[in-house]
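Asks: My questions all concern the structure below.
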Amino acid sequence: MIVATAALVTVASVAGCAGSTAGSSTDLQFVTDKSWDFEKFSAVSKDDIDVSLDPAYYADQNAFQAFIKQSFRSNKAPGLFTWHTGSSLEDLVSEGLVAETTDIWEKAVADGDISESVKDLYTIDGKQYCTPISVDDWVMYYDKRTFSELGLEVPTTWDEMMTVADTLVDAGIAPF
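The structure is reproduced here in structure tokens:
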């Protein structure tokens, strides 16, 4: 399973350098704001690479982010945690709070565990930080009849999509 393998590659690489652990040297505290069943991830991780995850969940996004940032200030950061890409990740990288994972990426891409196409999302200053637990593709559907009536072409770029959206709004149609 690509999703599990990508996560487990990360676990294997940081097991020896985790900020804090729960129990033995093969247990890592794993803090997340996701409601997924990480106990099953932990079981797979334990079987495959002898590292157990001790998950802690935060339902509130703001409380989760505050906890993670505070854990670094108090020197009690979890061994693993989920996080968002973009400026949220850039903040942690610029403060030197997360490990570079370029070597992990190279191996995971070579092994077919992670698609090269998402690498840029995790790249800052030419280096990769973190690996995906999951990668979601979002799709949009359109009404062919409405596009035909308004003389619209299916957009192939972001700028074209925004132009189409403006045309739909002008016609009294909510585009998204």
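Be aware that the sequence shown starts at 1120, since it is given in our numbering, and climbs by one per residue. Each residue gets a CB set at the ideal place from its N, CA and C atoms; glycine is no exception. A quick note: this is a predicted structure, and the numbers were derived from the prediction, not measured.
1) Using the Cα positions of F1295 and A1284, report the straight-line distance between them to the nearest angstrom.
2) Going by DSSP, name the residue or residues bridged to T1151.
3) Among V1288, S1253 and Q1148, which one has its Cα closest to the Cα of P1197?
4) If you draw a straight line from the alpha carbon of T1286 to that of D1278, how long is it in whole angstroms?
5) Taking contact to mean at least 3 C-beta pairs separated by less than 8 Å, is the segment 1233–1253 in contact with the segment 1212–1220?
6) From I1223 to T1242, what distance separates their C-alpha atoms?
7) From the DSSP output, in three-state form, read off L1208 for me.
8) Taking DSSP as the reference, what is the three-state secondary structure of S1171?
9) Check the DSSP bridge columns for D1146 and list the partner residues they point to.
10) At the level of alpha carbons, what is the spacing between E1268 and A1218?
11) Name the one or two DSSP bridge partners that I1243 has.
12) Excluding the 5 residues flanking A1141 on each side, which residues of the same chain have their C-beta closer than 6 Å to its C-beta?
13) Three or more beta-carbon pairs under 8 Å between the segment 1187–1207 and the segment 1159–1167, yes or no?
Replies: According to the structure shown:
1) 8 Å
2) Y1176
3) Q1148
4) 13 Å
5) yes
6) 13 Å
7) helix
8) strand
9) S1171
10) 53 Å
11) K1246
12) Note that A1141 has pLDDT 44, beneath the 50 cutoff, so the model's placement of it is unreliable and the number below is only indicative. Cβ neighbours of A1141 beyond the five flanking positions: Q1148 and D1173.
13) no
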